[in-house]
Amino acid sequence: MSAELLRVRGIKKSFGATPVLKDVDMEIVKGEVHALMGENGAGKSTLIKIITGVYQSDDGEVFFNGKETEINSRTDAQNLGIACIYQELSVIPTLTVAQNILLGREPSIGKTPFINKKEMNRTAQSLIDRYGFNLNPTDALEKLTIAQRQMVEILKALSVQASLIIMDEPTASLSGKEAEALFSIIKNLRGMGISVLYISHRLDEVYMLSDRLTVLRDGKKVALLSKAEIVPENVIHLMIGKSLDNNADYGTMKPNNNETILTVKGLSRTGVFENLSFTANRGEILGFGGLIGSGRTEVMRCIVGADKYTGGELFFEGKPYIPVSTFKSILVTAFVLYRKTGAARDLYRSFRLSGISPCRTTI
Ligand SMILES: Nc1ncnc2c1ncn2[C@@H]1O[C@H](COP(=O)(O)OP(=O)(O)OP(=O)(O)O)[C@@H](O)[C@H]1O
Ligand SMILES: [Mg+2]
8 MSAELLRVRG IKKSFGATPV LKDVDMEIVK GEVHALMGEN GAGKSTLIKI
58 ITGVYQSDDG EVFFNGKETE INSRTDAQNL GIACIYQELS VIPTLTVAQN
108 ILLGREPSIG KTPFINKKEM NRTAQSLIDR YGFNLNPTDA LEKLTIAQRQ
158 MVEILKALSV QASLIIMDEP TASLSGKEAE ALFSIIKNLR GMGISVLYIS
208 HRLDEVYMLS DRLTVLRDGK KVALLSKAEI VPENVIHLMI GKSLDNNADY
258 GTMKPNNNET ILTVKGLSRT GVFENLSFTA NRGEILGFGG LIGSGRTEVM
308 RCIVGADKYT GGELFFEGKP YIPVSTFKSI LVTAFVLYRK TGAARDLYRS
358 FRLSGISPCR TTI
């Protein structure tokens, strides 16, 4: 086993009278992708906030590179070489890529207080080239996709020689292709000896990327799994504390009735998915499973009118439905809800979501 980079031992944290972390141990070795999984509220984000100095633990020890240390602030974490990429990115939209990467460390012109922009862009470009990212130093962040903004955050971390990069649900707002690009970046980081602590709810990602996995349940560490042990049934069992087959609720959840509300017949989008048919009943929760890139998101985007489909038909409430735009889909759904339930609040909310002012809309 390679050398230890970070070890936390006996971490405890309560918010008021509620204990959230109960004696948690975790160890990350150099150059590994280490996943942290657990159900919502298990304590994952709280643990990484302690490691990155955002929160202080009530008890416990932290070792970095074999030495006991205290992380009392974000600066302490940065100085050790720990960087965190949160879902709410911390880059500044109005600044350029180079300005964001070198924020607070801009090169100056000689001994003057003026920023040497050329030098700043050159430094950023050399970092971009070194890691092979698809970025331009002079582009403003607001022009970039979420995925590219994440890359800027990663470069920012790399430019200060981070040896541990923590990612808290980094793929939550990425498309399949963007997520794949992120995975290859993560694999490159590992190849460079950088450790990545990866938080995700998606087992397929964790399975594909991780060398080891720590499972938290209800604020406690319940397992440390090696790559070979990262098997879906095993992980789910550890996360929820029971196996799905023994779940008393399983199989007893039935749709309220058999009234079909959505029928999808032979839906295709050339080169993306083909000839897909299914129905959804009123009052039922219909799940869609599949690996990353299998086309789940793309199917849903066509159904709500965000993308065009190239073949097939849709029926909504028994009538043919052509989703020309997401805007129309929201309106149609809102009116159906209103008609069925008379819930004016739902209708109002849907208007708000679609950017319409209900005050100016005739119902
Ligand atoms: N600042 C806070 N004040 C009070 N309670 C908090 C605070 N932050 C988190 N908690 C509580 O601590 C528990 C653990 O939250 P945490 O955010 O660490 O979970 P998580 O594993 O990251 O969950 P998720 O998968 O939903 O992101 C939750 O019950 C949460 O409500
Ligand atoms: Mg969280």
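Following this note's numbering, the numbering of the sequence shown begins with 8 at its first residue and continues without gaps. Every residue gets a Cβ at the ideal spot worked out from N, C-alpha and C, and that includes glycine.
At least one heavy atom of ligand 2 falls within 8 Å of the beta-carbon of Asp-175.
Within its own chain, the residues whose Cβ lies closer than 7 Å to the Cβ of Pro-177, once the five positions on either side in sequence are excluded, are Ile-92, Gln-157, Leu-189, listed in chain order. The beta carbons of Ile-153 and Pro-144 sit no closer together than 9 Å. Its Cα nearest to that of Asp-175, the residue Ala-90 stands out among Val-104, Ala-90, Lys-272, Thr-103. Between the C-alpha atoms of Thr-286 and Arg-303 there is a straight-line separation of about 15 Å.
Exclusion of Ile-78 from the 8 Å shell around ligand 2 follows from its C-beta lying no nearer than that to any non-hydrogen atom of the ligand. According to DSSP, Glu-75 shares a beta bridge with Phe-70.
Shown in chain order are the residues whose CB sits closer than 6 Å to a heavy atom of ligand 1: Phe-22, Val-27, Gly-45, Asn-47, Gly-48, Ala-49, Gly-50, Lys-51, Ser-52, Thr-53. By DSSP's assignment, Cys-91 forms a beta bridge with Ile-173. Each residue's CA atom was taken as its position, placing Ser-301 and Val-279 some 9 Å apart.
For His-244, the uninterrupted alpha helix (DSSP H) segment begins and ends at 239-247. If you look at Val-104, you'll find it isn't in any beta strand (DSSP E); it sits in the alpha helix (DSSP H) that goes 104-108. Nearest to Arg-197 by C-alpha distance, out of Leu-171, Ala-131, Ser-180, is Leu-171. By alpha-carbon distance to Ser-207, the top candidate from Gly-23, Arg-16, Gly-45, Glu-39 is Gly-45. Where Gly-183 is concerned, the enclosing alpha helix (DSSP H) starts and stops at 183-198.
Pro-114 sits exposed, since fewer than 16 C-beta atoms from the chains shown fall within 10 Å of its C-beta. Relative to ligand 2, even the nearest heavy atom lies 8 Å or more away from the CB of Ile-108. Per the coordinates, the alpha-carbon of Asn-282 lies some 13 Å from the alpha-carbon of Cys-309. Each residue's CA atom was taken as its position, placing Pro-239 and Leu-223 some 15 Å apart.
In the three-state reduction of the DSSP assignment, Lys-227 falls in the strand class, which pools E and B. Nearest to Ser-284 by alpha-carbon distance, out of Thr-82, Asn-265, Val-306, is Val-306. By the neighbour-count criterion, in which 16 or more other beta carbons inside 10 Å mark a residue as buried, Val-69 falls on the buried side.
Between the alpha carbons of Gly-200 and Lys-37 lies a gap of roughly 6 Å.
In the three-state reduction of the DSSP assignment, Tyr-316 falls in the coil class. A residue is called buried when at least 16 other Cβ atoms come within 10 angstroms of its Cβ; Arg-276 meets this threshold and is buried.
For Glu-281, there is no enclosing alpha helix (DSSP H); the residue is part of the beta strand (DSSP E) that begins and ends at 280-288. In the DSSP annotation of this structure, Ile-292 is not part of any beta strand (DSSP E), being labelled neither H nor E. Burial state of Ser-191 is exposed, judged by a 10 Å Cβ sphere holding fewer than 16 other Cβ atoms. A direct Cα-Cα distance of roughly 41 Å separates Gln-168 from Asp-314. The beta-carbon distance between Ile-173 and Ile-18, rounded to whole angstroms, is 15 Å. This is too long to meet the 8 Å contact definition.
With a cutoff of 8 Å, Ile-192 does not count as near ligand 2, since its C-beta is closer than that to no heavy atom of the ligand. In the same chain as Gln-63, and ignoring 5 residues on each side of it, no C-beta atom comes closer than 6 Å to its own. Under the three-state reduction of DSSP, Glu-11 is assigned to strand. The residue among Lys-335, Leu-344, Thr-270 with its C-alpha nearest the C-alpha of Phe-323 is Thr-270. Under the three-state reduction of DSSP output, Val-213 falls in the helix class. Between ligand 2 and the CB of Ile-57, the shortest heavy atom gap is not smaller than 8 Å.
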